[in-house]
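For reference, the structure is listed below as structure tokens.
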Amino acid sequence: MAEVIHPTHGEIHRHEPPKGFIRKYIFSLDHKVIGIQYFFLALFSVLVGLVLSVLMRLQLAWPNQEFGFLKVIFPTAAESGTISPDLYLSLVTMHGTIMVFFVLTTAPQGGFGNYFLPIQIGAADMAFPLLNALSFWTTFLALGVMMMAFFAATNTIGPIGGWTGYAPLSALGERAGPGQGLGVILWISSIGLFCVASLLGALNFITTMLNMRARGMSLMRLPLTCWAWFTTAVLSLLSFPVLLAAAILLIIEHQAGTSFFIPGGEYVSGKLLEEHKGGSPILWQHLFWFFGHPEVYIAILPGMGLTSHILATFARKPVFGYRAMVFAIFAIGLLGFFVWGHHMFMSGMDPRTAIMFSLITLTIGVPSAIKTFNWLGTIWGGQIRFTAPMLYAIGFVSLFVSGGITGLFLGQTSIDIPLHDTYFVVGHFHLIMGVAAIFGIFMGTQFWFPKMFGRMMSESLGKLHFWLTFIGVNCIFIPMHIMGMMGAPRRYSTHYNLQYLSELPPLTHFVSYAAFFTAAVQLIFVVNLFWSMFKGPKASDNPWEATTLEWTIPSPPPHDNFEGIEPEVYRGPYEYSVPGASKDYSMQTEPDEAVRSDG
Amino acid sequence: MGKALGLMFVLLAVGTVLLFMGQNTWWFPPNHSAHGGAIDAQFMRTLVVVGIAFVGAQVALGYAVFRFGRRGDARAVYTHGSTRLELVWTLITAAIFIAIAVLGQKVWAQLHLSQAPEGAVKVNVVAQQFQWNFHYAGADNEFGKTEPRFYDDSTLNFVGVDPGDPNGRDDIQATTLLIPVNRPVELTMRSKDVIHSLFLPHMRIKQDVVPGLAIRVHFTPTQVGRYEIPCAELCGNNHFNMKSFLLVLTEDEYSDLATKADEEFKTRMGELLQQYK
Amino acid sequence: MARGLTTDVKIKPSGLGGGMRGPNGGDGPDETGSEGPKNWPPGYSRDDAIEPVKYRIGMWVGLASILMLFVSLTSAYIVRQTSGLSDDSDSGRWISIKMPWELWLSTGVLLASSGTFELARRALRRNVYSRFNLLISVTTLLGVAFLGGQVMAWRHLAAQGIYLASNPHSSFFYLLTSLHAIHLIGGLVALICLTVFALRLRIGSRQRNAVEITALYWHFMDGLWIYLFLLLFFWR
């Protein structure tokens, strides 16, 4: 490019930080500030989602019991102090939507990815900082619109159609149930906005990773976290447009009376609807799950990358089978686009298609198994330091196994018959995409907190939180599989009216108590987070003795990360315990002579 | 810390195995259909594979953290992996998973890729918010024509039988599914409003009922009795309450009932519902 | 900071250190030039050097997501067109709307605009500014004319009483054409900015880069329109 004006050689290209509180912390273009903004957005959302789930467990264990405090938090929706079926279903819907979009999609990717991808590849910022800020503020707007859905109806706190929003229930408006009018419109608009935000973010991630790597940072020297964020971005880029298309169709259907999803001859609330003709309800499911399945990997892949990263760091060993790990991430991402039909075995689609989907689905187990084996290989023969982030990472492996392996049941067409839409499914996806992904967030927080805030989080509180949470979540979600086998359908505000489930209440109570316990101990994490932010001991540049680029710069990093100097990378990301080296960790930026001569 | 953690993973494995192996209270409801046994067998086969993999992984993880905690200042083993080892475990897992996947299709194909046998008992199912309607052909064994424009909840014509069709005169609409034991049954299912899902836990049957589609399922009940039919697809605020009964009757009871006219049919149905409680 | 500012900068990667490097990073040791424009001199600002590449990558990635949006709507279109719902009387059948003649006009206009844009781009490469200014202005006007043609086509249909919800084909017609128009307006905004820059004789390296990127987008919008045009009225 002849037109490019060269700066004077030898000059250091510094970026001055912006002045003023608003430019610095609110409408900042700095990827680190935006990452933290995403992080806090997710933190707010996860607390909301958690409260909703506690209320659901309350209703399930003690159906229709009166609780005085409900009148206070839901003055109109729970006027009598009980959770009505309408209110319960809106809790289900909002819990699912908020958790999937505003927690599992934002925190690992928008939060940690934004903060650490540029640093780990040695860049001063994302490729398009303005787009990055735009992406965050669109997400923020989407959350605002979602919050408005809480107030869209008097007897619910949002739509009642579940996070999957199956048409025609979601397309018919108030006729089909409370909260299905304005509630659905706000809900789906929020999702549409979220799609746009995610697309902007994905575009930025992909360009950054392809184009902004420092010298020497060849593809096979990238930390696995970067590979995970990159693959996640590719998945977002290709799956969110499909959800956006579905959202646009649903809004038009809902407001303009078209017939994309609603067939003719609909008879709703005692009235035959004349305006709809020939739509296909299954079309919505195809569009939704074409997005929905990759979304599962969008939630979990960053956690998987981070687990590899942390296991290597604290086992003081190189990642076992780095290449296989990278290809497994790709394979999972790629296969993820061809298995959406396994959510639809019972939907009435062609049973032959179901068989195809089932076969491809089980092959996803192979790269997942490779990851598990390689994680075990990574810690095998290590010198494990049991720090709090390491505990979360080990917990992640265990949860990944427990949650992933039950996919072998659900992925089979025949076994899915009794298990589809029961608590077995609830247990399965909560363990894998809920809890395991959240453990990814926990470990990311505990691991990178020193870099992000310049202070250490309390190790003892972190460990305590790990133990209690790990035990708690297993007590919640493993019994749910049994409940599903017994035939307890999901999205029921109570199972007590089904006689064949007469043995269910002890399990229901146990799960509810475990849920209250687990929810309560999350306070430890929140306290640890805020206490450490202000009172934690000061962190050094590299408190974990790790090797990747984020640990070569001050904690917290300056505005332009590397102070205008482009780092140079000499080796792979996980060179721990290299024989002959002076330390048991060889930084990516240390030239070979430095590694040797120090000793 | 490593020792405790290792013990916890072993405990997790043992506890889970006990929960899934050691008891009969919290398990599938008993199977009373001809094909259900094959589903249950496939479940058990998968459970064995999954159980071994689960226990193996948790115990290996437990052993690793138990054994490889920091030991003084010694260095960890420096290795970047072993291609051979990775190839071996990849191929083994792939073989096992694909074998399971192929086995799992058998029952499905039998249920969904074959027509109901000749002479199967035919019942039409019409789902609506929040009620199951079952449409029987009546004494003439011919279904009356149904059309959406004849839907009328106020006159109890829930399934929309054409009043002008002579075949429909003796048709019976009820909210209980009545079928004979040991004879194949074919259900043709439609929905009037949103998606519902017919779930027969004891028959190992589940099928979404989709507006705009007529979906057929067939199965053979093997045990007389009264079973519940919950709705398994979120269909609105009373989804949890959309419950009906399946009555599997002896051949005699059924043939006696099948010839009855509307009033008598319902009286007898009420009696049988009580009888099989 | 205690860290020296320039001493850390390694101008030339040192030689391989055998086992020190580890197989993780072992492939293509320091062939930094092989994967992108990485051989810039020390201290030379990367941000400036890679800007054109970065915008081009970003644009291609963005186009992939736009393509995906229309691909998914196409699949919905095909499903809706061919779905033989077993239980639906033929009231829901696909009724094709008659193509408004204005669409030929707008198609021609958009094709022409792509042509003039291409010529403008070449003129700029040869630094023939007067020709560039003329052609980029014409492109912008043609872009506006295309939108005008689309509005005329919509009004034509509306005059016949065919609205969004009239039948499945009209629903998709209005939806796809307006989504395309919204995306095209984005390109038009960029074109207008470029025209203003051009007429005020402010075309620097940034603007040249923007011309390249906008041209990419504009040609894509052109191709997308041809695709939609064929899908909506010629595909069976």
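Chains as they are written, first to last, in the numbering used here: chain A, 1 to 599; chain B, 1001 to 1277; chain C, 2001 to 2236.
Think of the CB as a built atom: it goes at the ideal place given N, C-alpha and C, for glycine as much as any other residue.
No experiment lies behind these values; they were computed from the predicted model shown.
Hey, could you find the ends of the beta strand (DSSP E) residue i is sitting in?
| i | result |
| --- | --- |
| leucine 1198 of chain B | 1196-1200 |
| arginine 1216 of chain B | 1215-1219 |
| tyrosine 1227 of chain B | 1225-1229 |
| histidine 428 of chain A | Per DSSP, histidine 428 of chain A belongs to no beta strand (DSSP E); it is in the alpha helix (DSSP H), 423-429. |
| tryptophan 2101 of chain C | Neither: tryptophan 2101 of chain C is in no beta strand (DSSP E) and is coded neither H nor E. |
| glutamate 295 of chain A | Segment 281-315 is the alpha helix (DSSP H) holding glutamate 295 of chain A; no beta strand (DSSP E) there. |
| leucine 1246 of chain B | 1244-1249 |
| methionine 983 of chain B | Nothing can be reported for residue 983 of chain B, as the shown portion of chain B is limited to 1001 through 1277. |
Between residue i and chain C, is there a C-beta pair that is closer than 9 Å?
| i | result |
| --- | --- |
| leucine 203 of chain A | yes |
| leucine 419 of chain A | no |
| glutamate 275 of chain A | yes |
| valine 4 of chain A | Summary for valine 4 of chain A: the model assigns pLDDT 40, below 50, so the residue's position carries little reliability; its value from the coordinates is reported in the next sentence. Closer than 9 Å: yes. |
| serine 614 of chain A | This structure cannot settle anything about residue 614 of chain A, because the visible part of chain A is limited to 1 through 599. |
Determine the extent of the alpha helix (DSSP H) in which residue i is found, giving its start and end residues.
| i | result |
| --- | --- |
| arginine 2206 of chain C | 2205-2233 |
| aspartate 1162 of chain B | Here aspartate 1162 of chain B belongs to no alpha helix (DSSP H), and DSSP marks it neither H nor E. |
Which same chain residues end up closer than 7 Å to residue i when comparing Cβ atoms and leaving out the 5 residues on each side of it in sequence?
| i | result |
| --- | --- |
| histidine 2183 of chain C | Ile2066, Met2221 |
| glutamate 2035 of chain C | Below a pLDDT of 50, predicted positions are generally treated as unreliable, and glutamate 2035 of chain C, at 38, falls in that range; no measurement from the model is reported. |
| threonine 518 of chain A | Thr469, Gly472, Val473, Ile476 |
Step through the CB atoms of chain A and report whether any lies within less than 9 Å of the CB of residue i.
| i | result |
| --- | --- |
| leucine 2016 of chain C | Only weak support is given to the placement of leucine 2016 of chain C: the predicted model assigns it a pLDDT of 32, under 50, and the value that follows is read from those uncertain coordinates. Cβ-Cβ to chain A under 9 Å: yes for leucine 2016 of chain C. |
| valine 1058 of chain B | According to the sequence as given, residue 1058 of chain B is glutamine; it is not valine. For glutamine 1058 of chain B, the answer is yes, since a Cβ of chain A falls inside 9 Å of its Cβ. |
| methionine 2068 of chain C | yes |
| asparagine 2167 of chain C | yes |
| isoleucine 2213 of chain C | no |
| alanine 1174 of chain B | no |
| threonine 1046 of chain B | yes |
| phenylalanine 2233 of chain C | no |
| glutamate 2159 of chain C | For the sequence presented, residue 2159 of chain C should be read as alanine rather than glutamate. Closer than 9 Å: no. |
| tryptophan 2225 of chain C | no |
| alanine 2076 of chain C | yes |
Note down, in chain order, each residue of its chain lying with its Cβ closer than 6 Å to the Cβ of residue i, except the 5 sequence neighbours on either side.
| i | result |
| --- | --- |
| aspartate 2048 of chain C | Confidence at aspartate 2048 of chain C is low in this model, with a pLDDT of 49, below 50, so the placement of that residue should be treated as unreliable; the coordinate-derived value is given next. Cβ within range, chain order: n/a, list empty. |
| histidine 629 of chain A | Past the boundaries of the shown model lies residue 629 of chain A; chain A is included only from 1 to 599, so the question cannot be answered. |
| threonine 82 of chain A | Asn64, Glu66 |
| leucine 362 of chain A | Gly411 |
| glycine 144 of chain A | none |
| serine 2086 of chain C | Caution is warranted here: a pLDDT of 47 is assigned to serine 2086 of chain C, below 50, making its placement in the model unreliable, and the coordinate value is therefore given only provisionally. For serine 2086 of chain C, where only same-chain residues beyond five positions count, there are no Cβ hits under 6 Å. |
| glycine 1006 of chain B | Gly1062, Val1065, Phe1066 |
Near residue i, which residues of its chain fall below 8 Å by C-beta distance, leaving aside the five closest residues on each side in sequence?
| i | result |
| --- | --- |
| serine 2014 of chain C | Annotation note: pLDDT 34 at serine 2014 of chain C (below 50); position unreliable, no value reported. |
| tyrosine 1276 of chain B | Val1224, Gly1225, Arg1226, Leu1247 |
| leucine 448 of chain A | At residue 448 of chain A the sequence reads tryptophan, which differs from the leucine that was named. Once the five neighbours on either side are set aside, the close Cβ partners of tryptophan 448 of chain A are Phe112, Tyr115, Phe116, Glu550. |
| leucine 2179 of chain C | Leu2069, Phe2070, Leu2073 |
| proline 1148 of chain B | Gly1160, Lys1192 |
Does residue i get closer than 9 Å to chain B when you measure Cβ to Cβ?
| i | result |
| --- | --- |
| asparagine 497 of chain A | yes |
| threonine 552 of chain A | no |
| arginine 221 of chain A | no |
Rounded to the nearest angstrom, how far is the Cβ of residue i from that of residue j, given a contact under 8 Å?
| i | j | result |
| --- | --- | --- |
| isoleucine 1195 of chain B | proline 85 of chain A | About 18 Å separates the two Cβ atoms, so there is no contact after all. |
| arginine 491 of chain A | leucine 89 of chain A | 7 Å |
| phenylalanine 1245 of chain B | leucine 1257 of chain B | Contact flag wrong, Cβ pair sits at about 14 Å. |
| isoleucine 1100 of chain B | threonine 1046 of chain B | 6 Å |
| leucine 199 of chain A | phenylalanine 230 of chain A | Rounded, the Cβ-Cβ distance is 15 Å, inconsistent with contact. |
| threonine 2076 of chain C | leucine 238 of chain A | Inspection of the sequence shows that residue 2076 of chain C is occupied by alanine rather than by threonine. Rounded, the Cβ-Cβ distance is 16 Å, inconsistent with contact. |
Does the beta carbon of residue i sit closer than 9 Å to a beta carbon anywhere in chain E?
| i | result |
| --- | --- |
| methionine 587 of chain A | You won't find chain E in this structure, because its protein chains are A, B and C. |
Give, in chain order, every residue of the region 359-374 of chain A whose Cβ lies closer than 8 Å to some Cβ of chain B. Leu359, Thr361, Leu362, Thr363, Gly365, Val366, Ala369, Ile370, Thr372, Phe373, Asn374
Between the region 144-160 of chain A and chain B, which residues of the former have CB atoms less than 7 Å from a CB of the latter, in chain order? Ile160
Can you list, in chain order, the residues of the region 1012-1034 of chain B whose Cβ is nearer than 7 Å to any Cβ on chain A? Leu1012, Thr1016, Leu1019, Thr1025, Trp1026, Trp1027, Phe1028, Pro1029
Closer than 9 Å, Cβ to Cβ, to anything on chain C: give me those residues from the region 105-130 of chain A, in chain order. Ala123, Ala124, Asp125, Ala127, Phe128
When you check each C-beta in the region 394-407 of chain A against every C-beta of chain B, which residues fall closer than 8 Å? Ile394, Val397, Ser398, Val401, Ser402, Ile405, Thr406
Determine which residues of the region 57-70 of chain A have a Cβ less than 9 Å from any Cβ of chain B, and write them out in chain order. none
Residues of the region 173-191 of chain A in Cβ contact with chain C at a cutoff of 9 Å, in chain order, please. none
Tell me which residues of the region 2162-2187 of chain C have at least one Cβ-Cβ distance to chain A shorter than 7 Å, keeping chain order. Leu2164, Ala2165, Pro2168, Ser2171, Leu2175
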